[in-house]
Amino acid sequence: MFSKHPLPRTSCFYSTTPPTSSSPHKPESLLVKKCIFLLQNCGSSKLKLRQIHAFSIRHGVPLNDPYIGKHLIYNLVSLSAPMSYPHNIFSCIRSSNVFTWNTMIRGYAESERPEPALQLYRQMRASCIQPDTHTYPFLLKAVAKLADVRIGEIVHSTVIRNGYDSLAFVQNSLLHMYAACGLVDSAHKAFELMSERDIVAWNSVINGFALNGKPNEALTLFREMGLEGVKPDGYTVLSLLSACAELGALALGRRVHVYMVKVGLTDNLHVNNALLDFYAKCGSIREARKVFDEMKERNAVSWSSLIVGLAVNGFGEEALELFKEMETEELVPSEVTFVGVLYACSHCGMVDEGFSYFKRMKQKYGIVPKIEHHGCIVDLLSRAGLVKEAYQYIRNMPLQPNAVIWRTLLGACAMHGHLTLGEYARAQVLKLEPGYSGDYVLLSNLYASEQRWSDVHVLRRKMLRDGVKKIPGYSLVEFGNHVYEFLMGDRSHPQSDQIYAMLAEITKRLRLEGYAPHTENVLADIEEEEKENALSYHSEKIAVAFMLLKTASGTPIRIVKNLRICADCHLAIKLTSKVFEREIIVRDQSRFHHFRDGFCSCRDYW
964 MFSKHPLPRT SCFYSTTPPT SSSPHKPESL LVKKCIFLLQ NCGSSKLKLR
1014 QIHAFSIRHG VPLNDPYIGK HLIYNLVSLS APMSYPHNIF SCIRSSNVFT
1064 WNTMIRGYAE SERPEPALQL YRQMRASCIQ PDTHTYPFLL KAVAKLADVR
1114 IGEIVHSTVI RNGYDSLAFV QNSLLHMYAA CGLVDSAHKA FELMSERDIV
1164 AWNSVINGFA LNGKPNEALT LFREMGLEGV KPDGYTVLSL LSACAELGAL
1214 ALGRRVHVYM VKVGLTDNLH VNNALLDFYA KCGSIREARK VFDEMKERNA
1264 VSWSSLIVGL AVNGFGEEAL ELFKEMETEE LVPSEVTFVG VLYACSHCGM
1314 VDEGFSYFKR MKQKYGIVPK IEHHGCIVDL LSRAGLVKEA YQYIRNMPLQ
1364 PNAVIWRTLL GACAMHGHLT LGEYARAQVL KLEPGYSGDY VLLSNLYASE
1414 QRWSDVHVLR RKMLRDGVKK IPGYSLVEFG NHVYEFLMGD RSHPQSDQIY
1464 AMLAEITKRL RLEGYAPHTE NVLADIEEEE KENALSYHSE KIAVAFMLLK
1514 TASGTPIRIV KNLRICADCH LAIKLTSKVF EREIIVRDQS RFHHFRDGFC
1564 SCRDYW
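Per the working numbering, the sequence shown starts with residue 964, numbered consecutively.
Next comes the structure, spelled out in structure tokens:
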């Protein structure tokens, strides 16, 4: 069914000499009973378990006996021992029952190498052992880890044939499997067919939506959960915070925070880390810092989350200060911590310090740099205008550069006007990810900045010929417990007339401040007025107009943008923050932009 190669029956590493007739070792013998009693009462000590195992061998207990073997295997699996140990015992048992098979499948399903769980299931069926109600949840857990939906669907059909599809814990395992495989719609269909749904079922689908890029659906299901009177738990909160962070739904996330306080979840370290991460991803770094300061218990994840949050929000100096505090506390930084540290150096233009931290990461903490760390170094050099040095660094990297690395260089070339190198970087990206429209846009903007309009037309014709479609830009804003989405030139909102009137008022007031639309990258074969109109209706500008129309004076405006913010929108929103005296936080594809009093936290590099 799953694999044509069954697991080998390895040789035993203890005595399996059958007992003599004078002293038969039956399950009811005193020695066997004593061993079983010791195994049942050894607690969570791996050392005691090994001592009991040694005691059994010394006293001639035949450990191929299923009674002794199943207890040893169960205890080893429960203590998360390396699976080679229980597997050696399992291989020597004369006749394993369904409990022992299930325990072995469970052990592999919960391990870092779940593939043998599927092979064991195949061997189990070949041995004429009928699976029971516990077999399929463990098996589906292994499938979920492997994210192999084809095998998952085979198991699902077997579950139905064997009549186990009505059992709640089997149904919950199916939901988790489909969600883990990315088929969250299939998980939701199975969820809808369930006659009774417990908190585990709700959490599986809510989490599935949150992790598979469907945060709106996650929040909708959470509201349904409340209407049905099901109380959320810590796992629900983790999924909700993830969904709120994805959407930038700060108000809803704050309500989740209030609920946490109400039910006493504020002492839960994992939930607090998720809350901290949520506030950082919503651009509310003050609230993230407050959560961190109020945490009774912190671990390396807590420190790393805030360091990364500070760095991506443009507070590089604060991120580096926090890292120094972390070292003072003698906590060991992780790979993620150093991503935040290097990004902070990049944001602050601290090239020498960035290389110093990179060296310390390797030498002091023994962390082997991953592609993300090398990407931070490329960004560090690029932001400092050292584009040729960034290229040389890429050439000498010990790892093969990925599309993100080359795209960072391409963005730097577009920013600093390195045309030849930009064309080379784009060619490299094209080899790795040929269908991504953003790379064409970056190179097109580079050509436009050099007034090479014929090359712009050639590039755009190539996009059409190759079937590359530009990803539509959209902007998300939260207002009144609802997340609104705006597209370029969007008139679908019932109040679109008022929104566009506000947009015209914004443009009028910005011009009085000296604003001139940044039309350099708009096609040359249309009139200047058309260029300005094309720029005026970008989704982030419409979102800003909507929020100025709907929110009270002085209220911060938060926008989530799926693409990089363009030069004209960056300039316009920067001036809007000054003219309308609003803080405007935009999270685009690459970083946060905190606009305040006519300035941006990115220091005009994006």
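Note that CB positions come from ideal geometry on N, CA and C, so glycine has one too.
Contact set for Ile1052: own chain, Cβ-Cβ below 6 Å, skip 5 residues either direction:
Gly1032, Leu1035 and Ile1036
Answer yes if the stretch 1260–1269 comes into contact with the stretch 1545–1552, meaning at least three C-beta pairs across the two stretches below 8 Å, and no otherwise.
no
Run the CB neighbour count on Lys1325, radius 10 Å, all protein chains shown included, and call it buried at 16 or more, exposed below.
exposed
Please report the Cβ distance between Thr1098 and Ile1068, rounded to the nearest whole angstrom; I am assuming they are in contact, meaning their Cβ atoms lie under 8 Å.
7 Å
Nearest neighbour of Asn1125, chosen from Phe1154, Lys1244, Asn1135 and Pro1094 [CA to CA]:
Pro1094
Which residue marks the beginning of the beta strand (DSSP E) containing Phe1509, and which one marks its end?
Here Phe1509 belongs to no beta strand (DSSP E); instead the alpha helix (DSSP H) covers Ser1502 to Lys1513.
Beta-ladder partner(s) of Ser1438, from DSSP:
Phe1449 and Lys1524
From Trp1064, Thr1063, Tyr1071 and Phe1062, residue whose alpha carbon lies closest to that of Pro1045:
Tyr1071
Based on the DSSP secondary-structure assignment, which residues constitute the bridge partners of Phe1000?
Note: Phe1000 sits in no beta bridge, so no partner.
Entirely within the stretch 1023–1100 and at least 4 residues each: give me those alpha helix (DSSP H) ranges in chain order.
1029–1041, 1047–1055, 1061–1072 and 1078–1089
Please report the distance separating the alpha-carbon of Val1314 from that of Gly1197.
42 Å
Around the Cβ of Cys1339, are there at least 16 other Cβ atoms within 10 angstroms (buried) or fewer (exposed)?
buried
Spatially closest choice to Ile1162 from Gly1171, Met1188, Lys1152 and Met1140, by CA coordinates:
Met1188
Taking C-alpha atoms, which residue in Ser1553, His1557, Val1523 and Arg1527 lies nearest to Leu1538?
His1557
Should Asp1342 be labelled buried (16 or more other beta-carbon atoms within 10 Å of its own) or exposed?
buried
Following the continuous alpha helix (DSSP H) through Phe1286, name the residue where it begins and the one where it ends.
Gly1279 to Thr1291
Looking at C-alpha atoms only, which residue of Leu993, Gly1216 and Met1510 is the closest neighbour of Ser1247?
Gly1216
Using the beta-carbon count (16 or more within 10 Å), is Asp1560 buried or exposed?
exposed
Length of the line joining the Cα atoms of Val1302 and His1337:
9 Å
So the alpha helix (DSSP H) Ile1368 belongs to, where does it begin and stop?
Ala1366 to His1379
Test item: CB-CB of Ala1347 and Gly1312 under 8 Å:
yes
Any beta strand (DSSP E) of 3 or more consecutive residues that is wholly inside the stretch 1285–1354:
none
Assumed close pair Leu1526, Gln1552 - CB separation to whole angstroms, cut-off 8 Å
5 Å
Are the beta-carbon atoms of Met1157 and Val1106 separated by less than 8 Å?
no
Identify the residues that DSSP records as bridge partners of Phe1172: which are they?
Note: Phe1172 sits in no beta bridge, so no partner.
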